[in-house]
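Data first, discussion second: the structure below is written as structure tokens.
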Amino acid sequence: MLTWSMRTKYVVFACSIAVFAAILLGGFNYYWVRQLTLERAYDGLSDAARLIAPQVKSSYERMRNDAVAISRMPPFQGLIRSMYNVGVDPLDGSTTEHWRERLQITFGSILRVRPEYVQMRFITVLDEGRELVRTDRKDGRIVDTPLDGLQVKGDRPYIAAATAMPATTVYYSRVTPNIDFDAIDFDLQVLRVVSGVRDDAGNLFGFMVINADYSELVQQMLARIETRGEIYVVNSNGSYIKRAADGTVSPLIHAGDISHRLPSLDPGTMIGDGREGISRDGGMLVSHARVDFASAEGPGSSATIILALPAEEVLADSTETQRQVLALSAGLVVLAFLLAFVVANWLTRPMHRAVTAIKTFRPDGGVLDLPVKRQDEIGALSRAFAGLVASLQASQRTESETLARLQAIMDNSIDGLITTDEDGTVLHYNTGAMAIFGHAPEEVIGRDFRMLMPQPERAERNGLLERFRNEDEAGLVASAREVIGLTADGRPVPLELSIGEVRFGDGRLYSGILRDITERKEMQWRLEEQAQRLRQSNQDLEDFAYIASHDLKEPLRAISNHVQFLKEDCGDAIDEGSQKRIERIRLLCQKADRLVADLLHFSRLGRAELAVETVDMEQLVAETGDNLADTLDERQAEIRLATPLPPVNGDRTRLGSLLHNLIVNGIKYNDSPAPSIEVGFEPEDRVPGGTASGRGAYFVRDNGIGIAEEFKDAIFKIFKRLNSEKSYGAGTGAGLSFARKIVERHGGRLWFQSTPGQGTTFYFDLPGKETSDER
């Protein structure tokens with residue numbers, strides 16, 4: 001039996017093709033060239049239609065991307081949390097109305113940059129599908145709908161369809177007239193995109209809905225397309241928008257409009273070999289392309305692009321091509337026949353050499369002799385194969401070295417590392433695990449990993465392994481948790497376990513990293529015990545201060561009363577010096593009584609709960625001024641607001657006491673003939689030293705005697721006075737201690753800036769209402 005080599009077959013085949021081509025081109029060359037040029041023209045028309053389709057789809061996709069991106073913005077989750085929590089966001093205290101305003105701002109911003117969008121809404125599945133936030137474009141203006149203008153949309157078909165869609169999809173509605181308050185606006189045809197909005201638990205809460213003016217959307221897209229001919233964009237209702245050959249764009253033409261007609265796409269008019277998408281309509285060639293979206297996104301999510309060109313214009317370039325190809329074909333046939341044998345023989349010789357070298361090569365040794373220096377496809381193929389072999393050998397060496405390093409790292413890791421299969425059988429057990437459990441590797445490898453856990457933990461680990469297999473709790477994998485291990489000598493040991501999952505084919509491996517946290521647990525226990533002792537000590541100190549202050553009042557009053565009785569009963573018998581001493585005793589008793597009262601008040605400041613409410617600080621300053629009216633008139637002093645004061649969340653009574661103490665302090669320690677007190681608020685960047693809250697700070701500024709730097713801590717100590725009573729009047733020295741205690745109870749800080757002789761500015765930061773809302 002005759003056996004031909006590939007080389008011989010290639011030469012015979014090449015010569016046969018040349019002869020066949022000579023006969024075929026000699027008889028039918030003109031016919032086939034014409035068909036080829038026609039097909040190229042048809043392909044060009046079809047390609048043009050297909051190139052338009054992505055531009056149409058991009059307009060739809062941009063709506064989808066906007067809907068998905070906007071629905072994931074923080075105001076949606078904040079609004080959901082506040083509605084779940086009776087109108088207040090538990091995360092930062094923001095109200096439902098605050099989140100609605102932020103969402104309205106977001107909607108307005110999007111409408112300004114998307115002129116084709118006419119309406120954006122957030123609709124809840126609760127309350128029969130009521131709108132929560134709605135922003136419209138009306139007469140060129142962006143309008144937010146008030147609460148009493150929001151509608152129920154639960155009965156709309158697009159809401160029902162979107163409710164049934166999968167969680168990760170976006171729903172496109174059909175193009176329909178806009179309906180508002182049951183009034184149908186046939187002049188405004190809208191395309192709706194609906195994206196689901198879910199709460200933190202993954203439950204469907206509502207929908208983000210964008211209404212786009214379909215005509216504006218398509219007209220913008222058609223204005224950007226640069227191609228010849230007429231373009232029709234047809235939606236699933238049969239309505240369409242046309243861009244004429246001169247570039248003008250029509251309004252939306254409704255299906256059934258007898259004054260307009262679409263080019264025919266009847267299959268009976270297909271031309272050529274019946275290629276899909278090309279047909280004739282009179283003197284026009286018509287191509288169409290369909291833009292489809294995922295079927296899960298609902299009905300109507302498709303559009304048809306029709307491109308129509310005059311047949312003469314499309315085929316004008318083909319006539320010259322036919323003449324040129326016909327002239328060249330005759331000469332090429334003869335040349336191909338003569339060269340076929342020579343070229344085929346020349347091409348196959350190096351290929352034969354390369355095949356022989358590849359067959360005889362052994363990866364474990366020897367030299368791969370390939371024609372790598374050739375500058376043709378055979379040389380490129382030879383170089384690629386040689387490089388592949390070199391890369392494979394290097395990869396094998398690297399893999400061996402990497403595996404060795406990884407094995408060394410795993411075996412010498414301080415943490416325990418255990419690898420199991422899906423059934424919990426231990427496949428790897430390093431020295432770190434051996435140090436924790438005390439078992440040798442041969443005692444553990446091949447056995448169930450639950451042998452390393454005490455009996456109660458084994459039952460829990462059974463359920464955990466089952467959840468891993470079913471992938472019902474993806475958060476369990478790669479998360480750290482505390483477990484109890486069992487050492488070889490039966491001793492329980494607390495561990496921190498992190499589990500990672502490795503998939504290969506249809507199987508899985510679980511890699512667990514274990515760390516002995518015995519010292520950490522002991523430290524936590526000691527810290528908790530110490531904290532408990534500290535809490536008890538603080539409570540005992542507060543109770544002692546309260547009881548001591550309360551019990552000291554009675555003997556002080558008794559001493560004062562008896563001294564008064566003595567003065568009244570024996571006044572005539574007591575000389576003037578003794579009278580002065582008696583009066584001194586009575587005044588000291590009164591001072592001691594004030595000290596005890598202040599001590600009792602100071603103790604209560606640390607124990608009583610705050611009655612937190614929103615406090616108007618400007619109103620509180622005015623009330624404090626009214627209470628100090630006599631003092632202000634007596635000293636010819638004034639209180640004025642230097643800046644507007646934002647409200648705060650706090651205890652109104654205690655904040656009033658704070659302002660009272662700071663203002664009285666500024667009036668009392670003041671040598672000016674007209675003491676001036678300024679109350680204001682400074683933003684964060686203008687507060688000396690900054691604030692802990694990241695917000696600005698309130699200030700009370702006076703033009704008094706000032707405070708030296710060395711007394712910056714002493715002035716806040718209870719009963720500590722820097723000046724004598726003779727110079728600046730009586731007092732216990734507790735006012736600034738009360739002020740600092742009040743600020744600290746509100747979670748803030750009180751400090752001051754002062755220059756002796758030029759006055760003092762006290763600063764204090766408090767939790768503001770705006771800050772609380774933003775959180």
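The numbering of the sequence shown is the numbering used here, which starts it at 1 and goes up by one. Backbone N, C-alpha and C define an ideal beta-carbon position, used for all residues, glycine too. Computed from a predicted model, the values in this text were never measured in an experiment.
Residue range of the beta strand (DSSP E) that SER754 falls in? As a first step, residue 754 must be located in the sequence shown, where it is residue number 754. Where SER754 is concerned, the enclosing beta strand (DSSP E) stretches over 749–754.
Can you give me the C-alpha to C-alpha distance between ARG121 and ASN85, rounded to a whole angstrom? Position 121 of the sequence shown holds residue 121. Position 85 of the sequence shown holds residue 85. Rounded to the nearest angstrom, the two C-alpha atoms are 22 Å apart.
So, is MET617 buried or exposed, given that buried needs 16 or more other C-beta atoms within 10 angstroms? Along the sequence shown, one-based indexing puts residue 617 at 617. Counting Cβ neighbours within 10 Å, MET617 comes out buried, since at least 16 surround it.
Beta-bridge partners of ILE677, as assigned by DSSP: Sequence index remark: in the sequence shown, residue 677 carries index 677 (1-based). In the DSSP output, where bridge partners are listed per residue, ILE677 has ILE639 and ASP702.
Within its chain, find whatever has a CB closer than 7 Å to the CB of THR518; leave out the 5 residues flanking it on each side and keep chain order. Numbered from 1 along the sequence shown, position 518 holds the residue referred to as residue 518. The answer, listed in chain order, is VAL493 and PRO494.
Cβ atoms of ALA67 and VAL170: under 7 Å apart, would you say? Counting from one through the sequence shown, the residue named residue 170 turns up at place 170. Counting from one through the sequence shown, the residue named residue 67 turns up at place 67. For VAL170 and ALA67, yes; Cβs fall inside 7 Å.
Find out if the Cβ-Cβ distance for the pair VAL56, ILE305 is shorter than 7 Å. Within the sequence shown, the letter at position 56 stands for residue 56. Within the sequence shown, the letter at position 305 stands for residue 305. Yes, these two residues count as a Cβ contact at 7 Å.
Whole beta strand (DSSP E) elements within the region 109–147, 3-residue minimum: 117–124, 131–138 and 141–144
Can you grab the Cα-Cα spacing for the pair ASP199 / GLY93, in whole Å? Your numbering for residue 199 matches position 199 in the sequence shown. Your numbering for residue 93 matches position 93 in the sequence shown. Rounded to whole angstroms, ASP199 and GLY93 show a C-alpha spacing of 17 Å.
Mapping DSSP to helix, strand and coil, what is TYR669? Along the sequence shown, read from residue 1 onward, the residue named residue 669 stands at position 669. Three-state result, TYR669: coil.
Taking only the alpha-carbon atoms, compute the straight-line gap between PHE738 and GLY747 and give it to the nearest angstrom. Position 738 of the sequence shown, counted from the first residue, corresponds to residue 738. Position 747 of the sequence shown, counted from the first residue, corresponds to residue 747. Each residue's alpha carbon lies about 15 Å from the other.
Which one or two residues does DSSP pair with LYS242 in a beta bridge? Start at 1 with the first residue of the sequence shown, and residue 242 comes out as number 242. For LYS242, which the question treats as bridged, DSSP gives the partners TYR232.
Quick one: what does DSSP say ARG85 is sitting in, helix, strand or coil? As a working note, residue 85 is residue 85 in the sequence shown. With the sequence shown as reference, residue 85 is identified as Asn, and Arg is not the correct amino acid for it. ASN85 falls in the coil class under three-state DSSP.
Determine the direct distance from the alpha carbon of ALA69 to that of LEU147, and round the result to whole angstroms. Counting from one through the sequence shown, the residue named residue 147 turns up at place 147. Counting from one through the sequence shown, the residue named residue 69 turns up at place 69. Rounded to the nearest angstrom, the two C-alpha atoms are 25 Å apart.
Is THR487 helix, strand or coil by DSSP? The residue labelled residue 487 in the question sits at position 487 within the sequence shown. In this structure, THR487 counts as coil in the three-state DSSP scheme.
Please confirm if the region 131–146 is in contact with the region 160–174, defined as three or more CB-CB distances below 8 Å between the two stretches. no
Rounded Cβ spacing between SER676 and GLU638 (contact assumed at less than 8 Å): Residue numbering aside, residue 676 sits at position 676 when the sequence shown is read from its first letter. Residue numbering aside, residue 638 sits at position 638 when the sequence shown is read from its first letter. Indeed, because the Cβ distance is near 6 Å, the residues count as touching under 8 Å.
Whole-angstrom distance between ALA611 and GLY704, CA atom to CA atom: As a first step, residue 704 is located in the sequence shown; it is residue number 704 there, counting from the start. As a first step, residue 611 is located in the sequence shown; it is residue number 611 there, counting from the start. If I take the Cα positions, the gap works out to 33 Å.
Please report the distance separating the alpha-carbon of ARG635 from that of LEU628. Against the sequence shown, residue 635 aligns to sequence position 635. Against the sequence shown, residue 628 aligns to sequence position 628. So the two alpha carbons sit approximately 11 Å from each other.
Close beta carbons around TYR158, own chain, < 7 Å, minus the five adjacent residues each side: Residue numbering aside, residue 158 sits at position 158 when the sequence shown is read from its first letter. Excluding residues within five positions, the ones whose Cβ falls inside 7 Å are TYR171, SER173, ARG192 and VAL194.
Helix, strand or coil: how does DSSP classify HIS660 here? On the sequence shown, residue 660 is found 660 positions in, with the first residue counted as 1. Helix at HIS660.
Could you spell out the range, first to last residue, of the beta strand (DSSP E) harbouring ASP292? By 1-based counting over the sequence shown, the position of residue 292 is 292. From DSSP, the beta strand (DSSP E) with ASP292 extends over 284–292.
According to the neighbour-count rule (16 or more other Cβ atoms, all chains shown, within 10 Å of its Cβ), is LEU655 buried or exposed? As a first step, residue 655 must be located in the sequence shown, where it is residue number 655. Answer is buried; the Cβ neighbour count reaches 16.
Thinking C-alpha only, which one of VAL291, LEU335, PHE385 and GLU576 is nearest TYR60? Here residue 60 corresponds to residue number 60 of the sequence shown, with the count starting at 1. Looking at the Cα atoms, VAL291 is the closest of the given residues.
Three CB pairs or more closer than 8 Å across the region 235–242 and the region 76–83: no
What residues match up with THR248 in a beta bridge as DSSP calls it? Taking the sequence shown and counting its residues from 1, the one referred to as residue 248 is at position 248. DSSP output for THR248 lists no bridge partner at all.
Answer with buried or exposed for SER71, where buried requires no fewer than 16 other C-beta atoms within 10 angstroms of its C-beta. The sequence position of residue 71 within the sequence shown is 71, counting from 1. Looking at its Cβ environment, which holds 16 or more other Cβ atoms inside 10 Å, SER71 is buried.
With a Cβ-Cβ cutoff of 7 Å, do ILE418 and GLY432 count as a contact? Position 418 of the sequence shown, counting from 1, holds the residue named residue 418. Position 432 of the sequence shown, counting from 1, holds the residue named residue 432. For ILE418 and GLY432, no; Cβs fall outside 7 Å.
So what does GLY424 bridge to, in DSSP terms? As a working mapping, residue 424 is identified with position 424 in the sequence shown. GLY424 pairs with nothing; no bridge assigned.
Note down, in chain order, each residue of its chain lying with its Cβ closer than 8 Å to the Cβ of LEU381, except the 5 sequence neighbours on either side. Indexing the sequence shown from 1 puts residue 381 at position 381. Contacts found: ALA354.
What distance in whole Å lies between the Cβ atoms of GLU678 and ALA642, which are believed to be in contact at a cut-off of 8 Å? As a first step, residue 642 must be located in the sequence shown, where it is residue number 642. As a first step, residue 678 must be located in the sequence shown, where it is residue number 678. Taking the Cβ atoms as the reference, ALA642 lies roughly 4 Å from GLU678, within the contact range of under 8 Å.
Through-space distance from GLU39 to LEU335, alpha-carbon basis: For this step, residue 335 is matched to residue 335 along the sequence shown. For this step, residue 39 is matched to residue 39 along the sequence shown. If I take the Cα positions, the gap works out to 27 Å.
Distance, GLU116 Cα to LEU217 Cα: Sequence index remark: in the sequence shown, residue 217 carries index 217 (1-based). Sequence index remark: in the sequence shown, residue 116 carries index 116 (1-based). Computed Cα separation, rounded: 5 Å.
Rounded C-alpha distance that separates SER259 from THR168: By one-based count along the sequence shown, residue 259 stands at place 259. By one-based count along the sequence shown, residue 168 stands at place 168. Computed Cα separation, rounded: 43 Å.
Through-space distance from PHE681 to SER109, alpha-carbon basis: In the sequence shown, counting from the first residue as 1, residue 109 sits at position 109. In the sequence shown, counting from the first residue as 1, residue 681 sits at position 681. The alpha-carbon atoms of SER109 and PHE681 are separated by roughly 31 Å.
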